[in-house]
Every structure is written in C-alpha cells, then in structure tokens.
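Colleague: Quick one: the structure is below, questions incoming.
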Amino acid sequence: MREPTPKRRLGAVLLLGGLVTGSAQAATWSDTFLGYRYGTQFTEPGNPQDIEKHVLQFTHVSGYALGQNFLNLDLLQSDSADPASGGDSGATEAYLTYRHQLYLGKLAGEPMTFGPVREVALTGGVDLNTKNTAFAPRKRLVVAGPTLKFDVPRGFVDLSLFYAHEWNHCGAGFCDVNEIEFDPYVQLNLAWGLPFEIGAAALKFQGFYNYNGEKGADYQGADTEPEQLLRTSLMLDVGRLAWGGENQLWAGVGYEFWRNKFGNHDKPGVDTDAPTLQLEWHF
C-alpha cells in the first residue's frame, strides 16, 4: 500500500492520453445498446447475505482505420441486503469502463499476423466507480498493455496482458486509511463475442474473464490475494425471430463468477456465483 501521489496520477493520465489519440478519427463501424441484467445471488465482501441487483447498462463499441473503442457504463441497484449509507434502502453504484485499442499492424503498415493471431494491438483504458454505501468506494484504475486479436470466422476473441494500477477510497470507520494507492499488478483479460446460428435462430456467446494479481495491502493492512471475475451470457436475437429486425432486441441468460472479490479473502461475500437474466436493445 502506498499513498497516492499527483505525479503518478499525472503520468497515468498522460499514458492513457497517448493511447487514445487516434480515437478521434471517423468511425468505420459502431454498435450501441442499452442493456438490463437481473440476479438474486450477488455478493459483497463482509456481507453473508445474497443480494438482489438490477443492472442498467449502456455500451458503445466503434472502430476506425487504426483501432477501436469500447465504453460501458453499469448502473447497479441493490436490494436492502446491501444497504445505502444511513438508510435501509439498497445501495446504488455506477461503474464506468473505457478501453482503446491501437492496431500496431495498421500503424506500421505491415501485417502483424502469426499462427492464430490476426492482429496485435496496444490497449489502454480506465475504470471508474462510485457507490453510496458506508464504505463509499471510489475506484480509479488505469490499465495498459498488449492485446492479441485472434482470427475467428465470426466475432472476436481478444487476449490481453495489462499493467494495472488502482487508487480507491474507504469511508468506513474500520479502515485504517481512507485514501489508498494499491501496488501495481498484472491483469490477464480474455474477452469474446461469438455469433452463431441454429436454424432460423441467431445467437451469440459473449463475455470476459479477468485474472488480477495481488495488489499489496488493503485498507486494514491485510494482504490481498489474486482475484478472478468471469461474466458471460448466451443471447438470442429475439427481434430477428419476432419481426425480422436483426440485431435489435436480444434476450438470454448469463452467469457471474467472482473469486476473492476486490482481492478480499477469508471473509463472507468474497465469492459470487450468480445466474442472471439479460436483455439488450441495440440502436
């Protein structure tokens, strides 16, 4: 654990700015949707109860000549098992993720293909969150590193190895520190979106998996442990079947698998196995 320094924060911002310079170019393709997830078996560290959550989602993906952008905002509403600070109502959380990929082969003017890999990218991005619990987290995460983009017949499979650096906040009385800078750690990220068809039905299998290395001591001086998060879903293009509107309304089921949530361990609520119902409206 280290105290955050303005110099380190500025360096991270400048690194990210250099990676996303090309994102201002005109998009050659894009996909935007509003989503909804619902489940009753979510968990939070230190809380032994299952938590019901409604999740509204806004996602935008677009590509241009030299790369692509990904933006996702989740608004999560818990039931009373995960209370907001100073009340009995459920907590509300906002979680923003942004990633930019710069295709190194396109930038160099030479194909960067080998074996099953069709392109190599340099990826940078940030995660930001806030939640109105007594803990009052305010996550600030910067990631950067290489991405292998695999050559699949349809859709995508990306494997990334990131340098990750996180700052956060704890407002609860049991924390020894309120503002924290975690040790840098390595994140292994696998993301996929694979469309396929069964008869007249169009489906897609999508999701991501993160493995986060340990990031030093937490707010109470306890060592963190490696963390795993898998979030995946199988979706059916309902619009195509119902009225012929392809890639408009999708519905399906999902699953969230989380181990050592936020690096916590040896306490209730750090492991999640949550099936979900999901919807997407693309426009």
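Throughout the sequence shown, residue numbering follows mature numbering (1 follows the signal peptide of the UniProt record, and there is no 0), covering -26 to -1, 1 to 257 in sequence.
Where is the CB? At the ideal position from N, CA and C, for every residue including glycine.
(1) Look up Met209 in the DSSP assignment and give the residues it is bridged to.
(2) Could you round the C-beta distance between Phe170 and Arg205 to whole angstroms and report it? I think they count as a contact, below 8 Å.
(3) Can you give me the Cβ contacts of Tyr159 inside the same chain, cut-off strictly under 7 Å, excluding the 5 residues immediately before and after it?
(4) Start and end of the alpha helix (DSSP H) containing Gly9?
(5) Taking only three categories from DSSP, how would you classify Phe32?
(6) Work out the CA separation of Gly145 and Ala65 for me, nearest whole Å.
(7) Once the 5 residues before and after Thr(-6) are set aside, which same chain residues still bring their CB inside 6 Å of it?
(8) For the alpha helix (DSSP H) holding Lys189, just list the boundary residues, first then last.
(9) Under a Cβ-count criterion, where at least 16 other Cβ atoms within 10 Å of its own Cβ denotes burial, should Ser134 be classed as buried or exposed?
(10) Which whole-angstrom value is the C-beta distance of Tyr72 and Asp48, which I expect to be below 8 Å?
(11) Fully enclosed by the segment 89 to 155, which alpha helix (DSSP H) runs are 4 residues long or longer?
(12) Taking Cβ to Cβ, would you say Leu215 is nearer than 8 Å to Trp224?
(13) How about the segment 82 to 92 and the segment 101 to 109: do they share at least three Cβ pairs that are nearer than 8 Å?
(14) Could you have a look at Gly218 and say whether DSSP puts it in helix, strand or coil?
(15) In its own chain, which residues sit with a C-beta less than 8 Å from the C-beta of Gly41, not counting the 5 before and 5 after it?
(16) Return the first residue and the last residue of the beta strand (DSSP E) that Leu81 is part of.
(17) Short of 6 Å in beta carbon distance, which residues of its chain neighbour Leu115, apart from the five on each side in sequence? Order them along the chain.
(18) Can you determine whether any heavy atom of the ligand GDP sits closer than 7 Å to the C-beta of Leu96, and answer yes or no?
(19) What separation, rounded to the nearest whole angstrom, lies between the Cα atoms of Thr97 and Arg112?
(20) In this structure, does DSSP put Gly195 in helix, strand or coil?
(21) Considering only residues of the same chain and omitting the five flanking positions on each side of Ser4, which have a CB-CB separation below 8 Å?
(22) Cα separation between Tyr12 and His28?
(23) May I ask you to list the residues that DSSP assigns as paired with Pro242?
(24) How big is the Cα-Cα spacing for Ser54 and Val151?
(25) For Val131 and Trp166, which I take to be in contact (beta-carbon distance under 8 Å), what is that distance rounded to the nearest angstrom?
Modeller: With the given structure in hand:
(1) According to DSSP, which records beta bridges pairwise, Met209 is partnered with Lys178, Gly226.
(2) With 8 Å as the limit, Phe170 and Arg205 do not qualify as a contact, their Cβ atoms being about 20 Å apart.
(3) Within the same chain, Cβ atoms closer than 7 Å to the Cβ of Tyr159 are found at Ala138, Asn186, Gly187, Glu188, Lys189, the five residues on either side in sequence being excluded.
(4) Per DSSP, Gly9 belongs to no alpha helix (DSSP H); it is in the beta strand (DSSP E), 3 to 18.
(5) Phe32 falls in the strand class under three-state DSSP.
(6) The straight-line gap separating the alpha-carbon atoms of Ala65 and Gly145 is approximately 15 Å.
(7) Residue placement at Thr(-6) is flagged as unreliable, the pLDDT there being 47, under the threshold of 50; the coordinate-derived value follows with that caveat. Closer than 6 Å at the Cβ level, and outside the excluded window around Thr(-6), lies no residue.
(8) Premise fails: Lys189 is in no alpha helix (DSSP H) and is neither H nor E.
(9) That one is buried.
(10) Tyr72 to Asp48, Cβ: 13 Å. No contact.
(11) None, since the segment 89 to 155 contains no complete alpha helix (DSSP H) of that length.
(12) Cβ distance not < 8 Å, so Leu215 and Trp224 don't count as in contact.
(13) The segment 82 to 92 vs the segment 101 to 109: no contact.
(14) Gly218 falls in the coil class under three-state DSSP.
(15) So the list reads Gly(-5), Ser(-4), His74, Gln75, Leu76, Tyr77, Lys80, Ala95, once near-sequence residues are dropped.
(16) Counted as a single uninterrupted DSSP element, the stretch harbouring Leu81 is not any beta strand (DSSP E) but the alpha helix (DSSP H) occupying residues 78 to 82.
(17) Cβ within range, chain order: Asp101, Glu140.
(18) Questions concerning the ligand GDP fall outside what the structure shown contains, since it holds no ligand whatsoever.
(19) Each residue's Cα considered, the two are about 23 Å apart.
(20) Judged by DSSP in its simplified three-state form, Gly195 adopts coil rather than helix or strand.
(21) The beta carbon of Ser4 lies closer than 8 Å to those of His34, Val35, Ser36, Gly37 in the same chain, with the five residues before and after it left out.
(22) Straight-line Cα distance between these residues: approximately 5 Å.
(23) DSSP lists no partner for Pro242.
(24) A direct Cα-to-Cα measurement between Ser54 and Val151 gives close to 27 Å.
(25) Confirmed, about 5 Å.
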